[in-house]
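Novice: Take this structure first; my questions come after.
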Amino acid sequence: MTSQLSHTDLHYTITPSDPKGHLFEVTLTIPQPEQPVQTVCLPNWIPGSYLIRDFSKHLIGLTVETLE
């Protein structure tokens, strides 16, 4: 079963933690997540590029938490 999320269902906050070092803190809030599990993934392709990229290698300190 697949659900469709519109872009308005996701809330991002981007805070520069070290702009000179190109480090930013990104918070993603999903107001009504799927239950009991929410799957989130990073793309490995961007429009206009023929290269497969590994964006996850640039993640530092990934945490996940619930508001309940």
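Counting from 1 along the sequence shown, just add 1012 to a position and that's the residue number in the working numbering. Heads up, the beta-carbon is just placed ideally off N, CA and C, and yes, glycines get one too.
Measure the alpha-carbon distance for G1073 versus L1035 and round it to whole angstroms.
Specialist: The alpha-carbon atoms of G1073 and L1035 are separated by roughly 12 angstroms.
Novice: State the DSSP-derived secondary structure class of H1023, mapped to helix, strand or coil.
Specialist: Of the three classes helix, strand and coil, the one that applies to H1023 here is strand, per DSSP.
Novice: In whole angstroms, what is the alpha-carbon distance linking L1022 and V1052?
Specialist: If I take the Cα positions, the gap works out to 11 angstroms.
Novice: Taking the continuous beta strand (DSSP E) assigned at T1039, which residues delimit it?
Specialist: Taken as a continuous stretch (DSSP letters only), the beta strand (DSSP E) holding T1039 covers 1035–1041.
Novice: State the DSSP-derived secondary structure class of P1028, mapped to helix, strand or coil.
Specialist: If DSSP states are grouped into helix, strand and coil, P1028 belongs with the strands.
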